[in-house]
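Here UniProt numbering is used: the first residue of the sequence shown is 1, the next is one more, and so on.
All residues carry an ideal CB built from backbone N, CA and C; glycine is no exception.
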Amino acid sequence: MEQLLAIGSQALRKAALNEDAKAYILQNESLFKILKRVANRYIGGENLSETVNKVIKENSREFKCSIEFMGESTRTVKEAMEAKDEFVNICQSIHSQNLNSTVSLDLSHIGLAISEDLCFENISAICTAAGDKEVIISAEGTERTDAILQLYKKASKEFSNLSITLQAYLYRTKDDFVDIIKEKGRIRMVKGAFETEKGLSLPRGNALDDQYLYYVEQLLSQQHLCSIATHHHEIQQEAKALINKYQPGKETYEFESLFGIQTEQLIKLKEEGYPTKLYFVYGKEWYLYVCNRLAEYPLNLFRALQDVMEENV
Ligand SMILES: Cc1cc2nc3c(=O)[nH]c(=O)nc-3n(C[C@H](O)[C@H](O)[C@H](O)COP(=O)(O)OP(=O)(O)OC[C@H]3O[C@@H](n4cnc5c(N)ncnc54)[C@H](O)[C@@H]3O)c2cc1C
């Protein structure tokens, strides 16, 4: 069975990156409908209003949320400005609809790959529109880490609502962590999702889990604003023990999961009284995002099948 799941997962990864396969699926009405049904478990929707409806529902179940308009690596000023406008819309919706939500984004989506000045202007506009709501910068591929951290430090001087994501799997994070923890903004700890060149990162396994928990312990013990962003059950349990040990204020930390992934674990944490947060992404470019969520945990393929069948009954 494991072998079968591995084959399925590998096929999905290939389908995700193969432009012909993508075009075929997206242009085939029946296949598109099937995949969209599967996608609904993982995305806020194709647009902001669909996502806002889901956020309202999750807020009513006492989950804090974060909203991201999906995209990265914009290559033209026009695209970067359009993305910035969409993030400003998110901020306005959060305020007008009184949502308990923050905003998440990739700096390369709002112009980092074009010009640092343009990106700085855009992040400034978004932070201003966000007001008292947090804006959390995601971590991207290693070729962008320096530029992202530099821009974060520069913008943090002006905006106290800015937060940053650090990847525990990168060896360089040991130094970055010491530097970044000097800023007041929340640090979201993730394991890291991108392929890196050899020698730059730890693979999944015990050493990475220990490293991840090392950072979490530093953050909790110093009562530094942080997000424990993982779906790893054992790590969540270890983090609970650290919270018990250091007793940080509830306003300083949160457990955060991607919408649709191991939600049962997050529900349990919420029921136990821990601050919890669901991360929503939305947009028309959901295809790659959904294929990746399915491929990274092959058992999700069964869930996808179930989602398709249930809607058919
Ligand atoms: C809120 C949030 C924000 C993130 N932001 C970034 C970012 O900015 N940059 C970045 O590089 N990465 C980001 N990530 C992704 C992160 O780096 C990991 O790739 C991802 O969280 C999977 O790692 P893990 O810690 O859950 O543990 P893993 O070691 O990957 O998995 C441990 C266990 O978690 C569960 N699990 C993991 N993935 C799935 C899945 N798809 N479906 C079901 N169960 C699963 C399984 O039980 C698995 O055994 C983010 C993740 C979260 C939750």
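Residue 254, buried or exposed, once every other Cβ within 10 Å from all chains shown has been counted against 16: Along the sequence shown, one-based indexing puts residue 254 at 254. Buried, by the Cβ-count rule.
Inter-residue Cα distance where the pair is residue 277 and residue 60: Your numbering for residue 277 matches position 277 in the sequence shown. Your numbering for residue 60 matches position 60 in the sequence shown. C-alpha of residue 277 to C-alpha of residue 60: approximately 13 Å in a straight line.
Contact test: residue 192 Cβ vs ligand 1 heavy atom, cutoff 8 Å: Position 192 of the sequence shown, counting from 1, holds the residue named residue 192. Checking every heavy atom of ligand 1 against the Cβ of residue 192, one is found closer than 8 Å.
Backbone CA spacing between residue 139 and residue 107 [nearest angstrom]: Looking up residue 139 in the sequence shown gives position 139. Looking up residue 107 in the sequence shown gives position 107. Each residue's Cα considered, the two are about 9 Å apart.
Other residues of its chain near residue 293: CB distance less than 6 Å, five sequence neighbours each side excluded: Reading the sequence shown from its first residue, position 293 is the one you call residue 293. Result list for residue 293: 42, in chain order.
contact_flag[the stretch 158-171, the stretch 123-138] where n(CB pairs < 8 Å) is 3 or more: They touch, by the three-pair rule.
Spatial distance of residue 187 from residue 124 (CA atoms): For the purposes of this step, residue 187 is taken as residue 187 along the sequence shown, with counting starting at 1. For the purposes of this step, residue 124 is taken as residue 124 along the sequence shown, with counting starting at 1. One C-alpha to the other measures close to 19 Å.
For residue 38 and residue 308, believed in contact at Cβ under 8 Å, the rounded distance: The residue you call residue 308 lines up with position 308 of the sequence shown. The residue you call residue 38 lines up with position 38 of the sequence shown. At roughly 6 Å, the Cβ-Cβ gap stays under 8 Å, so residue 308 and residue 38 are in contact.
9 Å Cβ cutoff met for residue 114 and residue 77: Taking the first residue of the sequence shown as position 1, residue 114 is located at position 114. Taking the first residue of the sequence shown as position 1, residue 77 is located at position 77. Going by C-beta atoms, residue 114 is nearer than 9 Å to residue 77.
Closest residue to residue 109 among 96, 72, 85 (Cα-Cα distance): Numbered from its first residue, the sequence shown carries residue 109 at position 109. When each option's Cα is compared against that of residue 109, the closest is 72.
Contact test: residue 109 Cβ vs ligand 1 heavy atom, cutoff 8 Å: Taking the first residue of the sequence shown as 1, we reach residue 109 at position 109. Not under cutoff, so the answer is no.
Supposed close pair residue 91, residue 155 - CB separation, criterion 8 Å: On the sequence shown, position 91 is the one that residue 91 refers to. On the sequence shown, position 155 is the one that residue 155 refers to. In fact, because the Cβ distance is near 15 Å, the residues do not count as touching under 8 Å.
Burial state of residue 6, where buried means 16 or more other Cβ atoms lie within 10 Å: Sequence index remark: in the sequence shown, residue 6 carries index 6 (1-based). Label assigned to residue 6: exposed.
Close Cβ partners of residue 51 (< 7 Å) along its chain, the five nearest in sequence each way excluded: The residue given as residue 51 occupies position 51 in the sequence shown. The beta carbon of residue 51 sits closer than 7 Å to those of 44, 45, 67, 280, 282, all from its chain and outside the five residues before and after it, given in chain order.
Neighbourhood of residue 313 by C-beta, 8 Å cutoff - its chain only, sequence neighbours within 5 removed: By one-based count along the sequence shown, residue 313 stands at place 313. Here residue 313 scores only 40 on pLDDT, less than 50, and its place in the model should not be relied on; the value that follows carries that caveat. Here the set comprises nothing.
Own chain, CB closer than 6 Å to residue 55, minus 5 neighbours either side, in chain order: Position 55 of the sequence shown, counted from the first residue, corresponds to residue 55. For residue 55, where only same-chain residues beyond five positions count, the Cβ hits under 6 Å are 65, 99, 101.
Reduced DSSP category for residue 97 - H, G, I as helix; E, B as strand; rest coil: Reading the sequence shown from its first residue, position 97 is the one you call residue 97. The answer is coil: DSSP assigns residue 97 none of H, G, I, E or B.
Residue nearest to residue 261 in terms of C-alpha spacing, selected from 34, 233, 247: In the sequence shown, counting from the first residue as 1, residue 261 sits at position 261. Closest option to residue 261, Cα to Cα, is 233.
Beta-bridge pairing of residue 282 - partner residues as DSSP gives them: Stepping through the sequence shown from its first residue, residue 282 is reached at position 282. In the DSSP output, where bridge partners are listed per residue, residue 282 has 45, 69.
Inter-residue spacing [alpha-carbon to alpha-carbon] between residue 175 and residue 148: On the sequence shown, position 175 is the one that residue 175 refers to. On the sequence shown, position 148 is the one that residue 148 refers to. So the two alpha carbons sit approximately 15 Å from each other.
Exposure of residue 191, with buried meaning 16 or more beta-carbon neighbours within 10 Å: Position 191 of the sequence shown, counted from the start, is the residue given in the question as residue 191. It counts as buried.
Collapsed DSSP secondary structure at residue 92 in the structure displayed: Position 92 of the sequence shown holds residue 92. Residue 92: helix per DSSP, three-state reduction.
Simplified DSSP state of residue 313, which is helix, strand or coil: As a first step, residue 313 must be located in the sequence shown, where it is residue number 313. Here the model assigns residue 313 a pLDDT of 40, short of 50, so the residue's position is not dependable and the matter cannot be decided.
Separation of residue 250 from residue 273, as counted between CA atoms: The residue labelled residue 273 in the question sits at position 273 within the sequence shown. The residue labelled residue 250 in the question sits at position 250 within the sequence shown. Taking the straight line from one Cα to the other gives about 9 Å.
Opposing strand residues paired with residue 226 [DSSP bridges]: Position 226 of the sequence shown holds residue 226. DSSP, once it has assigned bridges, lists 187, 253 as partnering residue 226.
Pair within 9 Å by beta-carbon distance, residue 240 and residue 221: Position 240 of the sequence shown, counted from the first residue, corresponds to residue 240. Position 221 of the sequence shown, counted from the first residue, corresponds to residue 221. The answer is no: Cβ separation not under 9 Å.
Test item: CB-CB of residue 224 and residue 181 under 9 Å: Working through the sequence shown from its first residue, we reach residue 224 at position 224. Working through the sequence shown from its first residue, we reach residue 181 at position 181. A contact, by the Cβ cut-off of 9 Å.
Paired residues, beta bridge with residue 64 - DSSP: For the purposes of this step, residue 64 is identified with residue 64 of the sequence shown, where counting begins at 1. BP columns for residue 64 point to 277.
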